[in-house]
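K.L.:
Using UniProt numbering, you'd call the opening residue of the sequence shown number 1 and step up by one each time.
Backbone N, C-alpha and C define an ideal beta-carbon position, used for all residues, glycine too.
Okay, handing you the structure first.
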Amino acid sequence: PNIVVLFLDDAGYGDFGYTGNPLIRTPNIDRIAAEGMRFTQFYSASPACTASRYALLTGRLPVRAGFGWVLTPNSPRGVHPEEWTLAEGLRDRGYATAIYGKWHLGRPEEYLPLQHGFDEYLGLPYSNDMQPPRWISLPLIEGNEVVELDPDQTLLTATFTRRAVEFIERDRQEPFFLYVPYSMPHLPLMPGAAFAGGSPRGTYGDVIEELDWSIGEIIGAINKRGLAKNTLVFFTSDNGPWIIKNEHGGSAGPFRDGKGSTWEGGMREPGIAWWPGTVPKGSVDHEVATTMDIYVTALQLAGARVPTDRTVDGQDISPRLRGSSSSAPRNPLYYYGPGQKLHAVRQGPWKMHIMTSSQTGIDYFEAKLPLLFHLERDPGERWDVADQFPEVIERLESLVSTHLTDVAAEGSFFDRN
């Protein structure tokens with residue numbers, strides 16, 4: 001199938017009509033949720049931009065990248081040349097590949113998208129707040145060339161949308177991979193003129209409603225070309241909402257904390273899979289899934305190569321997309337925070353924090369005792385039950401020990417070169 005990934009920036013689980021937001025109108029996102037499969041336990045691999053995007057495109061935990069949490073304009077590193085990205089894997093199978101939006105996986109030319117499997121690129125190399133006066137300029141790049149410095153950000157969502165629609169509308173024989181990592185609703189919030197002032201949720205709502213329009217345009221182009229039954233669309237966000245920005249940030253819904261945090265609000269995301277005729281209409285998946293699964297699933301569906309010479313953390317969820325429960329057992333979920341430090345682990349319903357990070361207080365402290373939550377009974381992580389389940393703590397601590405040993409032994413490609 002064609003593969004489309006629609007990736008928001010800093011959107012929260014509770015920012016959409018289908019997840020219960022009473023003020024933000026998202027009819028197009030709600031429609032693909034109703035026509036496809038929505039996930040109630042869909043996770044990003046990190047609560048921060050760069051690390052999350054690395055995991056999406058490599059299927060690997062961010063700790064394996066060899067670089068930090070968020071790359072800045074002067075960061076010397078990016079995605080290592082030996083990484084096998086989703087775009088490279090699909091292009092190897094004859095796919096046309098394009099990215100329109102925010103890259104944030106390295107600014108030096110050797111790290112830009114065209115060197116990592118994409119045929120076309122138009123977008124920002126990093127976050128939209130990395131601009132004057134703190135930084136020299138925010139470039140808009142096409143291919144490997146800067147085409148504009150400090151572009152009018154109110155035009156970006158419409159620009160990325162137009163290019164995505166044009167890409168879909170081209171006459172071609174080969175399948176395509178379209179990756180649209182929007183620069184919104186990351187701050188500064190910049191809605192287009194047609195959406196400014198239109199939402200009862202203020203500027204944040206304006207931005208989400210414009211993103212909803214964009215998604216409607218892209219889905220409409222797929223339908224108009226008669227490609228719906230051969231196109232798998234994933235919709236999600238890179239991490240949770242920037243809640244310390246108050247009304248300028250989003251909502252994590254029932255989950256605790258947000259962006260930058262390894263509490264559920266930082267990494268549990270909206271998740272939708274849309275593929276008419278294959279994904280059961282109106283289905284709900286209550287099992288754990290991650291953005292790293294998109295990598296493995298898309299490559300498997302395309303008959304492409306999944307690397308075997310390195311650890312790939314994602315899993316193939318294609319049986320679940322077809323409505324079957326016969327998927328492989330779920331690997332533990334590891335939550336990494338700043339400094340590539342492991343903060344928490346989840347296995348089954350149990351989540352153990354060994355370190356916490358929060359946006360609502362400066363508390364990067366190692367807990368005297370691990371915290372334990374049963375996420376099916378307590379998704380908001382309100383009641384620590386570590387004292388009641390020492391055997392669960394012991395089992396999860398053993399998982400952590402083995403995992404950290406394995407990660408250190410494998411290292412990154414930067415360690416080997």
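1) Do Gly-12 and Gly-250 have their C-beta atoms within less than 7 Å of each other?
2) Buried or exposed: which applies to Asp-9, given that a residue is buried once 16 or more other Cβ atoms fall within 10 Å of its Cβ?
3) Take Gly-119 as the anchor and find which of Arg-346, Glu-109, Tyr-95, Arg-107 has the nearest alpha-carbon.
4) Would you check if the region 152-169 and the region 72-91 touch, i.e. whether three or more CB-CB distances between them fall below 8 Å?
5) Identify the continuous alpha helix (DSSP H) that holds Thr-159 and give its terminal residues.
6) Looking at the strands, I want to know which residues DSSP matches up with Ser-75.
7) Touch check for the region 257-270 and the region 279-289: three-plus C-beta pairs under 8 Å?
8) Using the DSSP secondary-structure output, state which residues sit across from Thr-50 in a beta bridge.
9) Measuring straight from C-alpha to C-alpha, what distance separates Asn-239 and His-186?
10) In its own chain, which residues sit with a C-beta less than 7 Å from the C-beta of Gly-380, not counting the 5 before and 5 after it?
11) Hey, which unbroken runs of the alpha helix (DSSP H) at 4 residues or more fall wholly within the region 298-356?
12) Enumerate, from N- to C-terminal direction, the unbroken alpha helix (DSSP H) stretches of 4 or more residues contained entirely within the region 195-257.
13) Just to confirm the assignment, what range does the alpha helix (DSSP H) spanning Asn-28 have?
14) Mind checking which residues open and close the beta strand (DSSP E) that includes Ser-283?
15) Answer yes or no: do Leu-189 and His-248 have a C-beta to C-beta separation smaller than 7 Å?
16) Cβ atoms of Thr-85 and Arg-91: under 7 Å apart, would you say?
17) What beta strand (DSSP E) runs, 3 residues minimum, are completely inside the region 74-138?
18) How do the region 328-335 and the region 371-380 stand: do at least 3 beta-carbon pairs fall below 8 Å, yes or no?
19) Given that a residue counts as buried once 16 or more other Cβ atoms are within 10 Å of its Cβ, and exposed if not, what is Ala-409?
20) Using only CA atoms, which one of Leu-23, Asn-28, Pro-1, Gly-20 lies nearest to Phe-235?
21) Could you check whether the Cβ of Gly-78 sits closer than 7 Å to any Cβ belonging to chain B?
22) Counting beta carbon pairs with one atom in the region 201-221 and one in the region 19-34, are three or more of them shorter than 8 Å?
23) Mind checking Trp-135: buried by the 16 CB within 10 Å criterion, or exposed?
24) Does any heavy atom of the ligand COA sit closer than 6 Å to the C-beta of Ile-168?
25) Note the first and the last residue of the continuous alpha helix (DSSP H) segment covering Ala-409.
26) Taking 7 Å as the cut-off, decide whether the C-beta atoms of Pro-1 and Asn-230 are in contact.
27) Quick check on Ala-328: buried or exposed, where buried means 16 or more other Cβ atoms within 10 Å of its Cβ?
28) Nearest-angstrom Cα distance between Asn-74 and Arg-107?
29) When you compare only the Cα positions, how much space is there between Ile-362 and Thr-356?
30) Who are the Cβ neighbours of Leu-124 in its own chain at under 6 Å, not counting the five residues just before and after it?
31) What number of angstroms, rounded off, separates the C-alpha of Thr-262 from the C-alpha of Ile-354?
P.N.:
By the coordinates alone:
1) Within the sequence shown, numbered from 1, the residue matching residue 12 stands at position 12. Within the sequence shown, numbered from 1, the residue matching residue 250 stands at position 250. Result yes, Cβ atoms of Gly-12 and Gly-250 sit closer than 7 Å.
2) The residue labelled residue 9 in the question sits at position 9 within the sequence shown. The residue is buried, with at least 16 neighbouring Cβ atoms inside 10 Å.
3) Numbered from its first residue, the sequence shown carries residue 119 at position 119. Note that residue 119 is Asp in the sequence shown, not Gly. Answer by Cα proximity: Tyr-95.
4) no
5) Here residue 159 corresponds to residue number 159 of the sequence shown, with the count starting at 1. Unbroken alpha helix (DSSP H) run through Thr-159: 156-169.
6) Residue numbering aside, residue 75 sits at position 75 when the sequence shown is read from its first letter. DSSP lists no partner for Ser-75.
7) no
8) Here residue 50 is taken as the residue at index 50 of the sequence shown, counted from 1. Answer by DSSP bridge pairing: none, since Thr-50 is not bridged.
9) What you label residue 239 is simply residue 239 of the sequence shown in a count that begins at 1. What you label residue 186 is simply residue 186 of the sequence shown in a count that begins at 1. Cα-Cα distance, rounded: 10 Å.
10) Along the sequence shown, one-based indexing puts residue 380 at 380. Correct list, in chain order: Pro-254, Phe-255, Arg-256.
11) 318-321
12) 202-224
13) Here residue 28 refers to the residue found at position 28 of the sequence shown. 27-35 is the span of the alpha helix (DSSP H), which, as asked, contains Asn-28.
14) The sequence position of residue 283 within the sequence shown is 283, counting from 1. Here the beta strand (DSSP E) through Ser-283 covers 283-290.
15) Stepping through the sequence shown from its first residue, residue 189 is reached at position 189. Stepping through the sequence shown from its first residue, residue 248 is reached at position 248. For Leu-189 and His-248, yes; Cβs fall inside 7 Å.
16) Numbered from its first residue, the sequence shown carries residue 91 at position 91. Numbered from its first residue, the sequence shown carries residue 85 at position 85. No, the pair does not count as a contact, with Cβ atoms beyond the cut-off.
17) 96-100, 120-123
18) no
19) Locating residue 409 in the sequence shown gives position 409, where the first residue counts as 1. Exposed: under 16 other Cβ atoms inside 10 Å.
20) Counting from one through the sequence shown, the residue named residue 235 turns up at place 235. When each option's Cα is compared against that of Phe-235, the closest is Asn-28.
21) Among the protein chains of the structure shown there is no chain B, as only one such chain exists.
22) yes
23) For the purposes of this step, residue 135 is taken as the residue at position 135 of the sequence shown. Looking at its Cβ environment, which holds fewer than 16 other Cβ atoms inside 10 Å, Trp-135 is exposed.
24) In the structure shown, the ligand COA is absent, as is every other ligand, since no ligand is present at all.
25) Stepping through the sequence shown from its first residue, residue 409 is reached at position 409. Ala-409 -> alpha helix (DSSP H) spans 390-410.
26) For the purposes of this step, residue 1 is identified with residue 1 of the sequence shown, where counting begins at 1. For the purposes of this step, residue 230 is identified with residue 230 of the sequence shown, where counting begins at 1. The answer is yes: Cβ separation under 7 Å.
27) Working through the sequence shown from its first residue, we reach residue 328 at position 328. By the 10 Å Cβ count, Ala-328 comes out exposed.
28) Numbered from 1 along the sequence shown, position 74 holds the residue referred to as residue 74. Numbered from 1 along the sequence shown, position 107 holds the residue referred to as residue 107. Roughly 8 Å between the two C-alpha positions.
29) Here the question's residue 362 lines up with position 362 in the sequence shown. Here the question's residue 356 lines up with position 356 in the sequence shown. Because the pLDDT at Ile-362 is just 46, under 50, the model does not fix this residue reliably, and the value given afterwards should be weighed accordingly. In a straight line, the C-alpha of Ile-362 is about 10 Å away from that of Thr-356.
30) By one-based count along the sequence shown, residue 124 stands at place 124. Hits under 6 Å: Lys-102, Ser-183.
31) Along the sequence shown, one-based indexing puts residue 262 at 262. Along the sequence shown, one-based indexing puts residue 354 at 354. So the alpha carbons of these two residues sit roughly 11 Å apart.
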